[in-house]
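This report refers to the structure that appears directly beneath it.
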Amino acid sequence: MSGAEAIAVLGVISSIISIVDGIKQVYDAAKNTQGIPEAFREVAGRLPIVRNILDSAKQYIDKRDADGDSCKGVKQVVEACEKKAKKLDDLFHKAILADGASDLNRYYKAVKAYGKGNEVENLMKGMLEDVQLLASEHSMKTVTEVQQVEIAQAITEISAIAPSVPDRVFQETGFTNNNYGPGAQYNAQGEYIAQGSTRQYNSGGGAMYFGKD
0 MSGAEAIAVL
10 GVISSIISIV
20 DGIKQVYDAA
30 KNTQGIPEAF
40 REVAGRLPIV
50 RNILDSAKQY
60 IDKRDADGDS
70 CKGVKQVVEA
80 CEKKAKKLDD
90 LFHKAILADG
100 ASDLNRYYKA
110 VKAYGKGNEV
120 ENLMKGMLED
130 VQLLASEHSM
140 KTVTEVQQVE
150 IAQAITEISA
160 IAPSVPDRVF
170 QETGFTNNNY
180 GPGAQYNAQG
190 EYIAQGSTRQ
200 YNSGGGAMYF
210 GKD
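Using numbering that gives the first Met the number 0, the letters of the sequence shown map in sequence onto residues 0 to 212.
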């Protein structure tokens with residue numbers, strides 16, 4: 000692995016470690032986690048596993064040379080892991096507000112925007128699989144047998160977690176907005192709709208109907 004390649008990979012790994020630490024801090028600072036799914040606790044509890052493997056990989060790369068093929072493989076894996084980590088960070092911040100309170104609806108909305116499969120438990124599973132691949136498939140040899148078992152067990156446990164987002168959330172579309180008085184009206188997205196003494200219904204991007212009371 001050339002100096003430039005190693006620096007690039009180390010930079011991505013450092014980024015992931017920083018994100019993981021930040022997510023853990025957000026969860027630990029939460030005043031009330033009763034309002035968010037159990038998956039958040041399970042995910043937060045396994046963040047140290049990801050961090051430890053990445054830290055070992057970082058030390059390995061920093062002290063040793065790797066061939067070109069290994070470098071390419073490592074870069075692809077850590078970049079994929081970083082993308083998941085950034086989404087996970089966003090979701091934790093959406094669900095757990097700065098004052099430590101929780102907001103489940105913000106979490107649902109954020110996951111729906113990312114798309115099904117981007118729930119916190121699925122992102123965590125993907126990150127665990129990434130570090131597992133990093134540790135075992137790219138000549139890194141950075142983990143002990145105990146750590147390999149730990150990763151495998153964590154993946155199995157995360158896979159068994161109840162979904163943090165009900166299917167109905169992905170099936171829901173649009174919104175209903177009723178206006179019975181004069182003045183400007185704005186929809187849930189903050190868009191201007193109409194002005195005047197009209198009754199208006201907007202449901203899920205379908206037809207609108209207007210009529211005088």
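Every residue gets a Cβ at the ideal spot worked out from N, C-alpha and C, and that includes glycine.
Keep in mind it's a predicted model, so treat the numbers as computed, not measured.
Residues in its own chain within less than 7 Å of residue i by CB, not counting five upstream and five downstream?
i, result
"residue 164", "107, 110 and 118"
Along the alpha helix (DSSP H) that carries residue i, what are the first and last residues, could you check?
i, result
"residue 61", "37-62"
"residue 163", "Neither: residue 163 is in no alpha helix (DSSP H) and is coded neither H nor E."
"residue 28", "Taken as a continuous stretch (DSSP letters only), residue 28 belongs to no alpha helix (DSSP H), as it is neither H nor E."
"residue 130", "119-135"
Determine which residues share a DSSP beta bridge with residue i and list them.
i, result
"residue 101", "95"
Ordered along the chain, which non-local residues of its own chain (more than five positions away) have a Cβ less than 8 Å from that of residue i?
i, result
"residue 161", "36, 37 and 38"
Are there 16 or more other CB atoms within 10 angstroms of the CB of residue i, so buried, or fewer, so exposed?
i, result
"residue 167", "exposed"
"residue 77", "buried"
"residue 24", "exposed"
"residue 17", "exposed"
"residue 43", "buried"
"residue 153", "buried"
"residue 57", "buried"
Enumerate in chain order the residues of its own chain whose CB-to-CB distance from residue i is below 6 Å, with the five nearest sequence positions on each side excluded.
i, result
"residue 115", "169"
"residue 5", "60"
"residue 125", "83"
"residue 26", "43"
Look at the alpha carbon of residue i and the alpha carbon of residue j, and state the distance between them as a whole number of angstroms.
i, j, result
"residue 19", "residue 171", "31 Å"
"residue 75", "residue 133", "10 Å"
"residue 9", "residue 21", "18 Å"
"residue 102", "residue 62", "44 Å"
"residue 99", "residue 93", "11 Å"
"residue 159", "residue 104", "23 Å"
"residue 129", "residue 123", "10 Å"
"residue 40", "residue 7", "32 Å"
"residue 33", "residue 97", "16 Å"
"residue 55", "residue 49", "10 Å"
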